[in-house]
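Engineer: Numbering of the sequence shown is given in our numbering, commencing with residue 206 and proceeding in unit increments. Beta carbons are placed, not taken as given, at the ideal position from N, Cα and C, and that holds for glycine. Everything numeric in this text was worked out from a predicted model, so none of it was measured.
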Amino acid sequence: MHPAAEHSPLGKSSEYICTYTPSLLFPIPRAAKWAELGLSAETLPYKGVDFWNCFELSWLLPSGKPVVAIGEFSIPADSPNIIESKSFKLYLNSLNQTVFADVPSLEAILRTDLSAAAGKPVNVRIRSLADVEAEGVQALPGICIDDLDISVSNYEHPRPELLRCDDSRIVEERVHSHLLKSNCPVTSQPDWGSVAVDYRGSALDHASLLEYLVSFRQHSDFHEQCVERIFLDLQRLLKPEKLTVYARYVRRGGLDINPYRSTEDVAFQNVRLVRQ
Numbered sequence: 206m207h208p209a210a211e212h213s214p215l216g217k218s219s220e221y222i223c224t225y226t227p228s229l230l231f232p233i234p235r236a237a238k239w240a241e242l243g244l245s246a247e248t249l250p251y252k253g254v255d256f257w258n259c260f261e262l263s264w265l266l267p268s269g270k271p272v273v274a275i276g277e278f279s280i281p282a283d284s285p286n287i288i289e290s291k292s293f294k295l296y297l298n299s300l301n302q303t304v305f306a307d308v309p310s311l312e313a314i315l316r317t318d319l320s321a322a323a324g325k326p327v328n329v330r331i332r333s334l335a336d337v338e339a340e341g342v343q344a345l346p347g348i349c350i351d352d353l354d355i356s357v358s359n360y361e362h363p364r365p366e367l368l369r370c371d372d373s374r375i376v377e378e379r380v381h382s383h384l385l386k387s388n389c390p391v392t393s394q395p396d397w398g399s400v401a402v403d404y405r406g407s408a409l410d411h412a413s414l415l416e417y418l419v420s421f422r423q424h425s426d427f428h429e430q431c432v433e434r435i436f437l438d439l440q441r442l443l444k445p446e447k448l449t450v451y452a453r454y455v456r457r458g459g460l461d462i463n464p465y466r467s468t469e470d471v472a473f474q475n476v477r478l479v480r481q
């Protein structure tokens with residue numbers, strides 16, 4: 206467990222406060238997990254963001270009439286802190302009985318509070334249900350590897366030694382799987398996700414990638430660190446010219462978390478999958 210997470214509201218009984226309380230946000234420094242992966246803020250081999258979508262966003266108009274909407278939050282991958290997910294939910298629910306004059310006023314408050322917690326500017330966008338509904342759901346690009354015939358016997362921790370590639374062939378391809386699962390390091394609740402890999406480098410053996418992803422099944426870590434671990438393991442193996450790894454996680458508590466890590470300056474698209 207991350208030492209800071211022990212003091213977070215995660216896994217504890219919590220009072221749901223329904224008036225604006227920014228102090229509910231609980232930042233967790235990324236540095237400890239970076240160090241575990243052999244990284245530091247100065248040596249990150251990727252760029253990226255963590256996209257959060259909130260489906261339980263509501264507040265009051267000056268008339269007292271409630272509004273519901275969907276919040277989209279983009280936290281830089283190199284921010285000093287992640288925001289613990291339950292504290293994020295408690296904070297957002299503290300807006301339920303709070304009056305805001307208009308959407309820009311609420312966005313400004315959210316941007317200020319979340320940026321202070323993350324330690325870097327956080328982008329905020331509040332979207333109407335109609336706008337999000339019109340976009341619908343989308344599919345991950347490239348080849349789905351989930352139907353490959355593999356044998357698996359170890360689920361306790363990620364096993365990068367399973368990964369194989371053909372150094373004699375350089376390819377550019379996109380592959381994805383919906384079989385990613387890990388566990389919350391505090392509550393042990395399951396975190397379900399889909400993961401996509403987009404790269405140019407030594408040809409990755411698809412079956413070995415699937416075996417590797419399934420080895421996360423009983424692993425305990427936060428969403429962000431799981432994606433960073435996958436990125437680093439593939440980077441070491443493939444020595445790619447370019448590499449992007451991102452995951453779309455199933456929401457819990459009205460929030461989904463979607464980490465993106467890439468060697469490229471990618472304009473990341475926050476698109477919903479069928480399980481989201």
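Does the Cβ of residue 284 lie closer than 7 angstroms to at least one heavy atom of the ligand FAD?
Structural biologist: Looking at this structure, you won't find the ligand FAD or any other ligand, since it has none at all.
Engineer: Contact defined as beta carbons within less than 8 angstroms: I believe residue 406 pairs with residue 443. What is the distance between those atoms, to the nearest angstrom?
Structural biologist: 4 angstroms
Engineer: Which value, in whole angstroms, describes the spacing of the CA atoms of residue 288 and residue 429?
Structural biologist: 11 angstroms
Engineer: For a quick check, are the C-beta atoms of residue 448 and residue 467 less than 8 angstroms apart?
Structural biologist: yes
Engineer: Alpha carbon to alpha carbon, how far is residue 229 from residue 293? Give it in angstroms, no decimals.
Structural biologist: 8 angstroms
Engineer: Specify the secondary structure class of residue 298 as computed by DSSP and reduced to three states.
Structural biologist: Here DSSP, grouped into helix, strand and coil, assigns residue 298 to helix.
Engineer: By the three-class DSSP mapping on this structure, what secondary structure does residue 395 have?
Structural biologist: strand
Engineer: Skipping 5 residues on each side, what residues in its chain have a beta carbon closer than 7 angstroms to that of residue 265?
Structural biologist: 271, 302, 303, 304
Engineer: Which residues in the same chain have their Cβ closer than 6 angstroms to the Cβ of residue 377, if we skip the five residues on either side of it in sequence?
Structural biologist: 405
Engineer: Here's the rule: buried if 16 or more other CB atoms are within 10 angstroms of the residue's CB, otherwise exposed. What is residue 235?
Structural biologist: buried
Engineer: Helix, strand or coil: which one does DSSP assign to residue 317?
Structural biologist: helix
Engineer: Could you tell me whether the region 378-386 touches the region 343-353, using the rule of 3 or more Cβ pairs below 8 angstroms?
Structural biologist: yes
Engineer: For residue 327, which residues of its own chain have a beta-carbon under 7 angstroms away from its beta-carbon, when the five flanking residues on both sides are left out?
Structural biologist: 278, 279, 280, 316, 319, 320
Engineer: From the DSSP output, which residues share a beta bridge with residue 273?
Structural biologist: 263
Engineer: So the alpha helix (DSSP H) residue 441 belongs to, where does it begin and stop?
Structural biologist: 428-443
Engineer: CB residue 339 to CB residue 232, shorter than 8 angstroms?
Structural biologist: Not closer than 8 angstroms, so no.
Engineer: Could you name the residues that DSSP lists as bridge partners for residue 456?
Structural biologist: Bridge partners of residue 456: none, in fact.
Engineer: Please say whether residue 421 and residue 460 have beta carbons closer to each other than 8 angstroms?
Structural biologist: no
Engineer: With distances taken Cα to Cα, identify the nearest neighbour of residue 282 among 432, 457, 225.
Structural biologist: 432
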